[in-house]
Structure formats: C-alpha cells, structure tokens
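Everything on this sheet refers to the single structure shown next.
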Amino acid sequence: MTWINLDEENALNPLQQLSVALRFYASASFQLDVGDMCGVSQATCCKVIHRVTAAICAKKMHLLHFPDSPEERRAATEGFYAISRFPGVIGAIDGSHVAIVNPGGPNALRWYGSAHDSRIFEESRLLEKFQRGEYHGILLGDPAYTCRTFMLTPVRIPVTAAERRYNRANRSTWGVIKRALGMWKKRFPCVAHLKCTLEHNMAIIVATVCLHNLARRRNDPLPEPDHDVPCENLPEPNQRPNTVEADLRGTTFRQRFILEHFNQKDNASVVFSGTGFAC
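Next comes the structure, spelled out in structure tokens:
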C-alpha cells in the first residue's frame, strides 16, 4: 500500500481530501481504519477530515437555515400541509443526542445528556426570533414542549372528535422531523459515536447535516428508514420533563385553531416525505 503524507500542502488534491472525509462520515470506523481504506496515515486522515469539515461548515448559511424568504416559507407551509392538511406550519422541532467521548472539564455546552430538547429550545435564539415576531407561522412540537401561539403541541387528553383529528394530523406532520433525524444518522453512521475533540465533534455534526440537506436538494437516494413514526401513539406523560408552565395564550390559541381547522371530518391525510433540517 502506498501511504500519502500531508507534510506538503498539496499532497492530496481537493477531490481526494473530500473522498477521505466522506468515507469517514459514511462509516462508523476509526480514523485509522478509514486511513487504511484510503491509503493514508491516521495523522493525514485526521487533518483531512478537520479541513474538509471546516470547509463544509463555512457554507452552512446556504445549506442549513430556517425558511427566510416568502417563497421558502410558502414552500415549507405547502409541504407540511400536504402531509395531513395541517395549515400554517413552517417547521417541526425535535432533538437527538449524539454520543461523544467525555471531553472532561466543565460542560462547555451547558447541557447534560439528560437535558430535554424543550429545555434547550427555551434558551435558543430560534425561540427569541419567534417571540420577536421575526418568523410568522407555526412550529410543531411533541408534548414535552410548551404550547404557544407559534408552537402547537398535541392535546394531552383529547375529548372531542376535533381534538382527536387535530392530534392525528399534528403527530403525523411532526413525524417528519423524527424521520429526518433517523435518515441523517443512517446516512452518516459516524455520528453514532464521535471520538474527536468536542469542538471537532460539533463541526462534524453540522457538516453532516449540511451534506444531508445538499443530498436532498440533489435528489440523492434516501436511506431506508428503520421504522416509521406512528401517528396515533403520543409520548407518555412520564416522558415530559418540561418544567416550563403552560402558556395560557398558547392553549387558548390552540383551542381556537382546532375549532377553526379540525371541526370538520374532511381533514383527510395524504403522503409527503420531508426529511431536511433547518436552524
């Protein structure tokens, strides 16, 4: 086997470097194993992965963003509506933990592995933008999130037929984000367990999400999901670690929304597969 070393700046051309990084992203192997497969040393493999990852992250504003323009928002709303005729939705929110090697020292991200997605959302810039009115539309969340005028969650104990129809449409539409997370992890098995430094781990996560969105734009075949998200089964009450009290305006808005949009029986479902990310 011929080994290539990165002592010289241009020892590997850009396409070769991209190939090494993609091999790492698309496998759950150690860098040493990836280096063996690509014919480069582990040190070279490490440098290449970090270099390519940084280059991809530099393009994240073009590949990873919330729908900003009227055209993007309209396309998002139409796509979500096509799933189960849930109107006004511009995004679905959920989170996924990625296993990493304990970096030691203080918790730089401030969130422990047990921190729920809803707690993180409460401190996010995305929430601030919705509160300031920068985004107009509805986010869908699971029961762990606080119901707000811009965040609609399922009714925990549905009583009326309209509430049950709303819950089915909410769960079916929100399931897009669960499928997106599953397909991202299946497309890039490296995120099953990252063994780099904390800084590089975060960059790899962002880079693979950007590549996932790019693959969708180019109509790259999607990996088969392991399972679909059931429409009927909502999370159990003990799965709700949210400590934020319910927003009365949110629950009032949700009730009006249900009466306006789900009081009829013709809210039939159609199939749509949305599998991308925004931030």
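Be aware that the sequence shown starts at 11, since it is given in my numbering, and climbs by one per residue.
C-beta atoms are modelled at their ideal positions from N, C-alpha and C, and glycine is treated no differently.
All values reported here derive from a predicted model rather than from experimental measurement.
Supposed close pair residue i, residue j - CB separation, criterion 8 Å
i: G101; j: F131; result: The pair is not a contact, with the Cβ atoms about 12 Å apart (cut-off 8 Å).
i: V219; j: L74; result: 6 Å
i: P64; j: A213; result: For clarity, residue 64 is Ala in the given sequence; the question names Pro instead. Confirmed, Cβ separation roughly 7 Å.
i: Y91; j: L221; result: About 28 Å; that fails the 8 Å criterion.
i: A171; j: I268; result: Not quite, the Cβ-Cβ distance comes to about 10 Å (not below 8 Å), so this is no contact.
i: A5; j: I66; result: Beyond the ends of the chain as shown, which are 11 and 289, falls residue 5; an answer cannot be given.
i: V111; j: K196; result: Incorrect: roughly 22 Å between the Cβ atoms, too far for contact.
Nonlocal neighbours in the same chain, by C-beta distance under 6 Å from residue i, ignoring five residues either side
i: I103; result: L149, G151
i: A109; result: H203
i: I187; result: A102, D104
i: E242; result: Low per-residue confidence applies at E242: pLDDT is 42, beneath 50, and the placement is therefore not dependable, though the value from the model is reported in the following sentence. None.
i: A86; result: P77, I100
Counterpart residues of residue i in DSSP-defined beta bridges
i: A102; result: L150
i: M161; result: L149
i: L204; result: I110
i: V303; result: The question about residue 303 has no answer, for the chain in this structure spans 11 to 289.
i: V30; result: In DSSP, V30 forms no bridge with anything.
Own chain, CB closer than 8 Å to residue i, minus 5 neighbours either side, in chain order
i: R259; result: R158, T159
i: T183; result: F90, I93, S94, F96, V99, A102, L150
i: L28; result: V62
Closest residue to residue i among the options (Cα-Cα distance)
i: F272; options: A85, T156, M193, P168; result: P168
i: M193; options: E81, T170, L232, A225; result: L232
i: A21; options: R33, L32, S37, K57; result: K57
i: H72; options: L224, D230, R228; result: L224
i: T207; options: L32, H60, E138, A86; result: H60
i: H107; options: N211, R226, D257; result: N211
i: D257; options: P80, T156, R226; result: T156
i: I215; options: R33, E138, F198, V111; result: F198
Residues near residue i in its chain [Cβ-Cβ closer than 7 Å; skip 5 each side]
i: K69; result: C220
i: L32; result: none
**Request:** Count the CB pairs spanning the segment 165–182 and the segment 262–269 that are closer than 8 Å, and state whether there are at least three.
**Result:** yes
**Request:** Decide yes or no for the touch test of the segment 133–150 against the segment 88–102: beta carbon pairs closer than 8 Å, at least 3 of them.
**Result:** yes
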